[in-house]
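Chemist:
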Amino acid sequence: MLAQNKKVPRKRKAKWGSCKWCEKREISPPFCSGKMKCLAKHMVICETEYIMEQNIEQRPKIDGIVAVLQRQQLQIAVLSSRVSVLEARRARAERDDLAHWTTMSPKKAWQLRKENTVRALRACLRCFQPSIYHKTSMDYLEMMLIPGKEPALHDILSIALWPVIETREHQPCLKGIQTTDVYCIFKNIWGKKSTVVDLTFWKEALEEVGVPLERFYSSLHIYTISNELQRMVLRFQNTKKRAGGGNAWQGLAGLVRAWRNVYPLTEEVIAVAKSLGPGQELKWGIEGPADLCPSGSTATRAESTTS
Numbered sequence: 010m011l012a013q014n015k016k017v018p019r020k021r022k023a024k025w026g027s028c029k030w031c032e033k034r035e036i037s038p039p040f041c042s043g044k045m046k047c048l049a050k051h052m053v054i055c056e057t058e059y060i061m062e063q064n065i066e067q068r069p070k071i072d073g074i075v076a077v078l079q080r081q082q083l084q085i086a087v088l089s090s091r092v093s094v095l096e097a098r099r100a101r102a103e104r105d106d107l108a109h110w111t112t113m114s115p116k117k118a119w120q121l122r123k124e125n126t127v128r129a130l131r132a133c134l135r136c137f138q139p140s141i142y143h144k145t146s147m148d149y150l151e152m153m154l155i156p157g158k159e160p161a162l163h164d165i166l167s168i169a170l171w172p173v174i175e176t177r178e179h180q181p182c183l184k185g186i187q188t189t190d191v192y193c194i195f196k197n198i199w200g201k202k203s204t205v206v207d208l209t210f211w212k213e214a215l216e217e218v219g220v221p222l223e224r225f226y227s228s229l230h231i232y233t234i235s236n237e238l239q240r241m242v243l244r245f246q247n248t249k250k251r252a253g254g255g256n257a258w259q260g261l262a263g264l265v266r267a268w269r270n271v272y273p274l275t276e277e278v279i280a281v282a283k284s285l286g287p288g289q290e291l292k293w294g295i296e297g298p299a300d301l302c303p304s305g306s307t308a309t310r311a312e313s314t315t316s
């Protein structure tokens, strides 16, 4: 059984090629190689020797050298142009890292819901500054993003889909998609085929950021609203847009109620979240567990004083 499940390592299939300049020089057998780099290196040297051998008796040696130099100048110009194109592509790819958040599609945003949640939480915590309304970073997070231990479904959707949500005509819409029709909005996010719709990413995102779960996570509550979201999305996917000449709102009613309360994040949080590319980790400046309870803080101070 183990032998059947064992993956066989793939082997590179070499594409063998022969030197065309060796054939013109009537060298038998011509140089052959399965590595493109070795073959190209040999062909450059062989081409130079072929040019030198042409009509070497009828013209001075200096003319042959000049011809070779002119040929090499042309090759250098072609290679320089190719290198400049590759460098431009690399620079464009680096710029595209920051444009990743603005060009993200709704379906891609739902696929990256955990990564989006982590980025939004860290950006919010990075914007924290103590004030009379919130003295700790967790108080600030609770006031700005997560309203307590049992966040509503629209709160989680707002955080998970923040790169593609905007307000237009006093209602939540999708960026880059000029429509306010909720049917089209839901279709762009979840599609009309069976897809993974759950909220298991919420706990994983909180753990990755390092916020206290006992303050922001309730397993029973997340389980309940996760099942509710699955039921509503399934009803939407089984509902046709038109039924009897009108809108079939029966399958969209649940999602519409949740979607009406979805909101875009603040401009400050979005600016911090977009400041780095998707492959770069956004730090929020707190090391170790956040917001220790008073007993834990007292014990920590006592141990440090004793040491």
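If you're matching positions, the sequence shown starts at 10 in the numbering used here and goes up one per residue.
Idealized CB from N, CA, C, for every residue including glycine.
Model, not experiment: these values are computed from the prediction.
1) Would the stretch 152-160 and the stretch 192-200 be scored as touching if the rule is three or more Cβ pairs under 8 Å?
2) Which residues bound the alpha helix (DSSP H) around Thr126?
3) Looking only at its own chain, which residues have a Cβ that is under 6 Å from the Cβ of Thr57, when we skip the five neighbours before and after it?
4) Does the ligand FMN have even one heavy atom less than 7 Å from the beta-carbon of Val205?
5) Compute the distance between the beta-carbons of Cys47 and Ser27, then report whether it is under 8 Å.
6) Return the first residue and the last residue of the beta strand (DSSP E) that Thr111 is part of.
7) Just checking: is the beta-carbon of Thr233 within a distance shorter than 8 Å of some beta-carbon in chain B?
8) Am I right that Val220 and Leu150 are in contact with their C-beta atoms under 8 Å? What's the rounded C-beta distance?
9) Considering Arg240, what are the terminal residues of the alpha helix (DSSP H) in which it resides?
10) Just the C-alpha distance for Glu223 and Ser146, rounded to the nearest angstrom, thanks.
11) Cα separation between Pro38 and Leu83?
12) With distance defined between alpha-carbon atoms, name the residue in Ala49, Lys50, Ile74, Ala169 nearest to Ile60.
13) Relative to the alpha-carbon of Val173, which residue among Trp30, Pro115, Ala23 has its alpha-carbon at the smallest distance?
14) Buried or exposed: Arg122, going by 16 or more other Cβ atoms within 10 Å of its Cβ?
15) Which value, in whole angstroms, describes the spacing of the CA atoms of Glu175 and Thr189?
Modeler: Per the coordinate set shown:
1) Contact check between the stretch 152-160 and the stretch 192-200: fewer than three CB pairs, one atom from each, fall below 8 Å, which does not count as touching.
2) Stepping through the sequence shown from its first residue, residue 126 is reached at position 117. For Thr126, the uninterrupted alpha helix (DSSP H) segment begins and ends at 122-135.
3) In the sequence shown, residue 57 corresponds to position 48, counting from 1. Correct list, in chain order: Val77.
4) The ligand FMN is not part of this structure, which contains no ligands at all.
5) Locating residue 47 in the sequence shown gives position 38, where the first residue counts as 1. Locating residue 27 in the sequence shown gives position 18, where the first residue counts as 1. The answer is no: Cβ separation not under 8 Å.
6) In the sequence shown, counting from the first residue as 1, residue 111 sits at position 102. Where Thr111 is concerned, there is no enclosing beta strand (DSSP E), given that its DSSP letter is neither H nor E.
7) In the structure shown, chain B does not exist; there is a single protein chain.
8) Counting from 1 along the sequence shown, the entry for residue 220 is found at position 211. Counting from 1 along the sequence shown, the entry for residue 150 is found at position 141. Contact holds; Cβ gap of about 7 Å.
9) Here residue 240 refers to the residue found at position 231 of the sequence shown. From DSSP, the alpha helix (DSSP H) with Arg240 extends over 228-246.
10) Taking the first residue of the sequence shown as position 1, residue 223 is located at position 214. Taking the first residue of the sequence shown as position 1, residue 146 is located at position 137. Going by the C-alpha atoms only, they are around 15 Å apart.
11) Your numbering for residue 38 matches position 29 in the sequence shown. Your numbering for residue 83 matches position 74 in the sequence shown. CA-to-CA, the gap between Pro38 and Leu83 works out to about 29 Å.
12) Along the sequence shown, one-based indexing puts residue 60 at 51. Comparing alpha carbon positions, the residue from Ala49, Lys50, Ile74, Ala169 closest to Ile60 is Ile74.
13) Here residue 173 refers to the residue found at position 164 when the sequence shown is read from its first residue. Considering only alpha carbons, the answer is Pro115.
14) Position 113 of the sequence shown, counting from 1, holds the residue named residue 122. Looking at its Cβ environment, which holds 16 or more other Cβ atoms inside 10 Å, Arg122 is buried.
15) Reading the sequence shown from its first residue, position 166 is the one you call residue 175. Reading the sequence shown from its first residue, position 180 is the one you call residue 189. Roughly 11 Å between the two C-alpha positions.
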